[in-house]
Structures are given as C-alpha cells and as structure tokens.
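Going down the list, the sequences are from chains P and B. No gaps in the numbering here: position 116 of the first sequence is 116 in the numbering used here, and each next residue is one more. No gaps in the numbering here: position 116 of the second sequence is 1116 in the numbering used here, and each next residue is one more. Have a look at the structure below, then the notes.
Number of protein chains: 2
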Amino acid sequence: MIDLACVASFFAVAETGGFRAAAQRVGLSQPAVTQHIRKLERWLRAELIDRGNAGSVLTPQGRAFLPYAEILVRTSERAQAMFEKKNIVVGASSNIGIYLLPKHLKACSEALGLELDIVIGANPDIADRLQNLAIDVACIEWWDERPGFVAQCWKQERLVVIVPPGHPWADRESIPAALLQNATLLGGEAGTGTGRLLRQCLGERAAGLRTGMQLGSTEAVKRAVEAGLGISIVMASAVADEQSHGRLRAIPLADAPLEKSLYIAWRDHPLHENPAARFARCLLDSGAGRRVRQ
Amino acid sequence: MIDLACVASFFAVAETGGFRAAAQRVGLSQPAVTQHIRKLERWLRAELIDRGNAGSVLTPQGRAFLPYAEILVRTSERAQAMFEKKNIVVGASSNIGIYLLPKHLKACSEALGLELDIVIGANPDIADRLQNLAIDVACIEWWDERPGFVAQCWKQERLVVIVPPGHPWADRESIPAALLQNATLLGGEAGTGTGRLLRQCLGERAAGLRTGMQLGSTEAVKRAVEAGLGISIVMASAVADEQSHGRLRAIPLADAPLEKSLYIAWRDHPLHENPAARFARCLLDSGAGRRVRQ
DNA sequence: ACACGTTACGGCAACCGTAAGGATT
DNA sequence: AATCCTTACGGTTGCCGTAACGTGT
Chain P
1 MIDLACVASF FAVAETGGFR AAAQRVGLSQ PAVTQHIRKL ERWLRAELID
51 RGNAGSVLTP QGRAFLPYAE ILVRTSERAQ AMFEKKNIVV GASSNIGIYL
101 LPKHLKACSE ALGLELDIVI GANPDIADRL QNLAIDVACI EWWDERPGFV
151 AQCWKQERLV VIVPPGHPWA DRESIPAALL QNATLLGGEA GTGTGRLLRQ
201 CLGERAAGLR TGMQLGSTEA VKRAVEAGLG ISIVMASAVA DEQSHGRLRA
251 IPLADAPLEK SLYIAWRDHP LHENPAARFA RCLLDSGAGR RVRQ
Chain B
1001 MIDLACVASF FAVAETGGFR AAAQRVGLSQ PAVTQHIRKL ERWLRAELID
1051 RGNAGSVLTP QGRAFLPYAE ILVRTSERAQ AMFEKKNIVV GASSNIGIYL
1101 LPKHLKACSE ALGLELDIVI GANPDIADRL QNLAIDVACI EWWDERPGFV
1151 AQCWKQERLV VIVPPGHPWA DRESIPAALL QNATLLGGEA GTGTGRLLRQ
1201 CLGERAAGLR TGMQLGSTEA VKRAVEAGLG ISIVMASAVA DEQSHGRLRA
1251 IPLADAPLEK SLYIAWRDHP LHENPAARFA RCLLDSGAGR RVRQ
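Put into structure tokens, the structure is as follows:
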C-alpha cells in the first residue's frame, strides 16, 4: 500500500519546484524527501520528477499522477479537519461569494465559534468540490440532486434587467417579456442556470432570446453594460451599488416575477456533531430557508 | 500523516462487518487490523467502530469517515492501475451501458489488449466518478464542460416516442410536435438531459409538456408503456427488441429530427501512453466521433 | 563558491505475526 | 465451547536525521 507521506512530499515538490523547499513545507529533512520520491517512483514503476540543478520539474508521468496526489492529500486533510470541529471550508459560486455571502459569514463564524475558509469559483466547479470533499458547504445557484447530500433553498434572489442610463428602456418601471422577445443578452458566468431559469419562466416567449458573448463573470457583464455594449439580466444584489450611483438602471420584469433560488448544500453526514451542518443551518436561519431535499 | 493501510483496513471492516474477514481481505493478521483501527481512531480522536461479538458496526463518526476512506482507497488503487496500463475502468450511464456499449467493448478490448471493467450508473453519478478518478472513461448522455477533461461526441442517437400497440397513435408514421403539446411523458432516469433536449428542440411548443412519474430506468419506462400506463420518449436503440416483437411502437417526431448527442469523456492526461485516451479513441472510431472540446 | 540533490550510515520507532487472554452468546 | 476482538511480546523492517559526497552554474 502506498504511503501518504510520500504522496504529500511529491505534491509539495510539484508545488514548490524543489526538494529543499518541499522538505521545509512538509517538515522533514531534504534527504527524507528524496527517499519519499524514490519510494513513490518504485511503487508506481515510473519516473515522476526530472531532477535538475536549477529546480525540479514533473515528467509527463508525474503530471499524470498529480491529480491523484492532490485528491489523496486534500482528502486526508479534510478527513482530519472534520473531526477537529474547526476550520470548515465554504465554497460559493462567484455571484454568491462576492455579493451575498460576506455579510452573513462573520455572524455565523462568531455564533458557532468556527474558523471559516472561503473558496469562490464557478458554479459547477463548486458542486464538484463538494462532491470531492474539498469543501464542506456549498452556496450555489443551481443544484442537481445527488444522493448523500442535503440541499436547502437559502434565498430567492430577484433578477433584474440591467441597461445603461442612456438606453431607451432606462426610464421604464418594468419590462414586459415581449420586449425581450428578440433581445440579445450579455452572458456572465456559465453553468449558473440563468438561461434555464429564463426559459422556464418566460416559457414560449423565450424562444427568440439569445445570449451573446460569454463574459465569464458578473463584474465583466456590468462593465460591458455600462460601456453600452448591450444589456443583461443579473441578480439584483449584484448591481445595488451601480444602481444607487446611477451608473446602471436595474429594472424588474413586468409580467413574471423572475427569481432565482439559491441553495445551500452539504454532505449528509450521520455525524451528530456535524459542524458543516451546523454552519449551513446558521446560514439558512439568516436567509429564511425552505427545505428542498434531504 | 495518516496511514493508507489503516484506512484500507477500516474500509474493509466497514464492508465485511468484522475484523477477521477484513484481515483476510487485506492480507494481514487479525491483530494487525485491530492495530490499524486503533491507530486511525487515535489519529482522528474519534471512535469509529463499535466492536460487538456478533459483528462490528460503524459508529456515526465511522459512517462520517467512510466516504473519505472510500475516496482514499479507490484513488490510490486507480493511481497504481494507471501506470500498469491494464484494466481500465469504463463508466456508462444506464442507457448507454445497457443498449449501446456491449457491442463495442469486445472489439476495443481486443484491439488494445486491455482488460476492461465496466461501471453502470446514473448519468450524474458517472460524471462524478470520472471527476473522482474512480473511472477512466465515461460514456454519458450529458456533459457540462469541466476543465481538465476531454469530451467528444460519440454518436447521435435518435429519440422516438413509444406507445403501446393499442394506442391511438400506434399506427402513425410520425408524430407532429403539436400532438405532444399537452402530453404527459413517463420519465426515466433523472439527469440524462432528455428534458432539456426536448425543450431545446421543440422550443415554445414544449411549454405544455409535462413529465409524470420518475420511474428511474428505461427498463421501467418500457414496461410501464407496455402496460398502457402512458407514453414516453426514449433512445431508439433502447426499444429495438420490443419494436421488432410488436410489444411497442417506436415513432419518430415529424417536424424536428430529435437526436441526443452521446459523449465520451476522459481526463486530459498529459501522459503520452495514456491507455484511457487510447481506449476512448478506439470507441470513437467505432462511432464516427466529432470533436467537441479539448 | 554555492545551491541542489544523492549516498551512506546509525539509532530508534513502529509494524507485523504468534500466542495467550477476556467477553459474550 | 465457540467466536470475536484485545493484549502481550519479540524480531524485523524501514524510516528519519546527520554528515559527507557528486554535479552543474
């Protein structure tokens, strides 16, 4: 059976680019790291690292092994952390992590006496990390039901159409769906389910809806709309600032109350004293949660 | 650093329900397993197993640790297997694994001189296993792009409406979308993207489409339709048998050629001699693949 | 000369198996 | 008595650190 200490040393070498630095990071002498790498290489029957005097670099085989090493190291770290009841890791999709989460975190952290680490990423990425045990609690914009997890609806966030101040729609109170019929919307982060939501909410009236440019982030979308490159639909809280400064107009839809459900999801541990679940419930209490699936 | 041998012993105890059987499985003496479990328990500062004379059972904390243990054990096994260039694991969503894959596997296995293990599961489950490194190649019905992976379109499978022989539509040559307008379809496996595909393909005409009963498998859907409980839409190759025996009618849509793209996905190893990639390409060659994403 | 990784070697810890010891049914 | 896990103990392994040794810049 492989030795995790060897894997940790390998991972450290891969990250630091040298045996000496790796030894320091894992708290061993440098020859010990040499031994670890040799042992791994014998075990896998493959050379993993090209030793050069100006830094060590992974061989192709080493690069192939790297994701395995990372999973092994991170999983063992997380397993240990789970029982120490401290330092839980919260993952959030970009929109939530940037615009909504910060104001809740401090209260929950203090109420529970927990240290929090935050990871912000794309929505599917966060879902995967939850599955991989790399994060304990996920705050996400879209959740496909998976066995072994609990997900609850956290908030219903209003979505609004955003246009620049000079736009023909800028002074409307609301926007009827018919206006959107042939509009082209600037796209933000992929995989957040906004497209799905729109089609579901507008029904047949969404047929002509198109999304131009995938800009990758809501920040980018806001800047693009400010610059007059187009219009978009975003979560209301993402544009509160710009709206109050008059840089953007945020206008609700007229006939359909367009709301996106945000979810808190965590692994359904049978552990009674489950810190992830406690944190999740604390978050939910500050957002009037509604149970979706156990 | 935790010892993987201890984790393997724990996992074996969890699966076999006893220290003796676990010892036999991992090839150690029984006291060695006792030591392993004690070491783990000391390391995690938690009791993991309730020792009873009539079998050992996991404590709640043990059950909480179990998924971590499984990931650690399976990942190390997979890492080792990767370098042995043998025995690659293919995951397939149920429909593909049952109706399409078998006829291709033997040829690919022989052409490459590889042993194959097959895992069949729900579509999201297979995608997760690919991410977790539990499988090497995934044959799936829906793929959300993830960094670090390669996915290619493998086949375009025709979808057909299935109705029982006595149904009013049984003798139609094709079914116009308008007929489906307010139909209720029996649902099969969740998360395969058929619903999405339908809405995308039928556009606004899908507005009234409803799915009743989630039956969980295509086999169940077929039996339910045979029994006259309703109609459904399935992959043509899933009902070839029933169609030729006259137990079901399979009827294409009239105005939209309804096709589902099936994908082969694998981890984008930089390893030159990557057996998973070789196998994937072999499969693609037998299905006229079209590149989607690198 | 310096920085990096390797080799050599010795002490010490830890692991495993055998054998004997409770505890429960 | 039978089964299951634990304890006790000794031999062996192998891991780690110190120190000395190549090697390339």
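C-beta: ideal position from N, C-alpha, C; glycine also. Remember, it's a predicted structure, so these values are computed and weren't measured experimentally.
Option nearest residue i by Cα separation, candidates the options
i, options, result
"Gln61/P", "Leu72/P, Glu41/P, Val73/P and Arg74/P", "Glu41/P"
"Leu1283/B", "Ile1140/B, Trp1043/B, Tyr1068/B and Ile1002/B", "Ile1140/B"
"Ala64/P", "Pro1124/B, Pro1252/B, Val1225/B and Gly1148/B", "Gly1148/B"
"Met1/P", "Leu1058/B, Ala1014/B and Val1026/B", "Val1026/B"
"Arg45/P", "Asn1087/B, Trp1043/B, Leu1185/B and Ala1079/B", "Ala1079/B"
"Thr1192/B", "Lys1222/B, Val1234/B, Pro1067/B and Val1163/B", "Val1234/B"
"Thr1184/B", "Val1163/B, Ala1151/B, Asp1268/B and His1104/B", "Val1163/B"
"Ala1092/B", "His1104/B, His1245/B, Gly1018/B and Glu1084/B", "His1104/B"
"Gly1187/B", "Ala1032/B, Val1225/B, Lys1039/B and Ser1261/B", "Val1225/B"
"Pro168/P", "Ala8/P, Val13/P, Ile231/P and Ser217/P", "Ile231/P"
"Ala81/P", "Gln200/P, Ala69/P and Asp136/P", "Asp136/P"
"Gly1246/B", "Ile1049/B, Lys1222/B and Leu1229/B", "Lys1222/B"
"Ala1005/B", "Thr1016/B, Ala1023/B, Gly1017/B and Gly1018/B", "Ala1023/B"
"Ser1029/B", "Thr1016/B, Glu1015/B and Ser1009/B", "Ser1009/B"
"Arg196/P", "Ala151/P, Trp266/P, Trp143/P and Lys39/P", "Trp143/P"
"Ile1096/B", "Arg1172/B, Trp1154/B and Leu1229/B", "Trp1154/B"
"Ser94/P", "Gln152/P, Thr59/P, Ile37/P and Glu189/P", "Glu189/P"
"Gln1156/B", "Ile1126/B, Ile1037/B and Tyr1263/B", "Tyr1263/B"
"Gly212/P", "Arg199/P, Leu229/P and Ser109/P", "Leu229/P"
"Tyr99/P", "Glu173/P, Thr34/P, Thr218/P and Glu47/P", "Thr218/P"
"Asn182/P", "Val89/P, Pro31/P, Leu202/P and Ala69/P", "Leu202/P"
"Glu15/P", "Glu145/P, Ile49/P and Arg158/P", "Ile49/P"
Residue(s) in a DSSP beta bridge with residue i
i, result
"Cys1139/B", "Ala1092/B and Ile1264/B"
"Met235/P", "Leu159/P"
"Ile251/P", "Val161/P"
"Ile1002/B", "Beta-bridge pairing links Ile1002/B to no other residue."
"Arg210/P", "Thr184/P"
"Asp1050/B", "Val1057/B"
"Asp1285/B", "According to DSSP, Asp1285/B bridges with nothing at all."
"Ile71/P", "Per DSSP, none; premise fails for Ile71/P."
"Ile120/P", "Ala92/P"
"Ile1175/B", "Leu1253/B"
Buried versus exposed, by CB contacts within 10 Å (16 or more), residue i
i, result
"Asn1053/B", "exposed"
"Arg210/P", "exposed"
"Arg988/B", "In this structure chain B extends from 1001 to 1294, so residue 988/B is not present and cannot be described."
"Pro1275/B", "buried"
"Gln131/P", "buried"
"Gly55/P", "exposed"
"Val1013/B", "buried"
"Asp1255/B", "exposed"
"Asp1128/B", "buried"
"Arg1051/B", "exposed"
"Gln294/P", "Any answer about Gln294/P is weak, because its pLDDT of 37 lies below 50 and its placement is not dependable; what the coordinates show is given next. The residue is exposed, with fewer than 16 neighbouring Cβ atoms inside 10 Å."
"Arg38/P", "exposed"
"Asp285/P", "exposed"
"Asn949/B", "This structure gives no information on residue 949/B, because the portion of chain B shown stretches from 1001 to 1294."
"Asp1125/B", "buried"
"Lys260/P", "buried"
"Gln1214/B", "exposed"
"Glu107/P", "Sequence inspection shows Ala at residue 107/P; the Glu mentioned does not correspond to that position. Ala107/P should be labelled exposed."
"Ala151/P", "buried"
"Ser76/P", "buried"
Closer than 8 Å: residue i CB and nearest the ligand GDP heavy atom
i, result
"Leu58/P", "This structure simply doesn't include the ligand GDP, nor any ligand for that matter."
**Prompt:** Along the chain, which unbroken stretches of the alpha helix (DSSP H) at least 4 residues long are found entirely within the region 19-46 of chain P?
**Reply:** Segments of the alpha helix (DSSP H) lying fully in the region 19-46 of chain P: 19-26 and 30-44.
**Item:** Stretch pair the region 232-247 of chain P + the region 110-129 of chain P: three plus CB contacts closer than 8 Å
**Value:** No, the region 232-247 of chain P is not in contact with the region 110-129 of chain P.
**Message:** Assess contact between the region 172-187 of chain P and the region 1162-1180 of chain B, defined as three or more Cβ pairs (one per stretch) separated by less than 8 Å. Is contact present?
**Reply:** As far as the Cβ criterion goes, the region 172-187 of chain P does not touch the region 1162-1180 of chain B, which means the pair count is below three.
**Request:** Kindly confirm or deny that the region 1153-1171 of chain B and the region 1242-1252 of chain B touch, where touching means at least three C-beta pairs closer than 8 Å.
**Result:** With a cut-off of 8 Å, the region 1242-1252 of chain B and the region 1153-1171 of chain B count as touching, because enough Cβ pairs lie within range.
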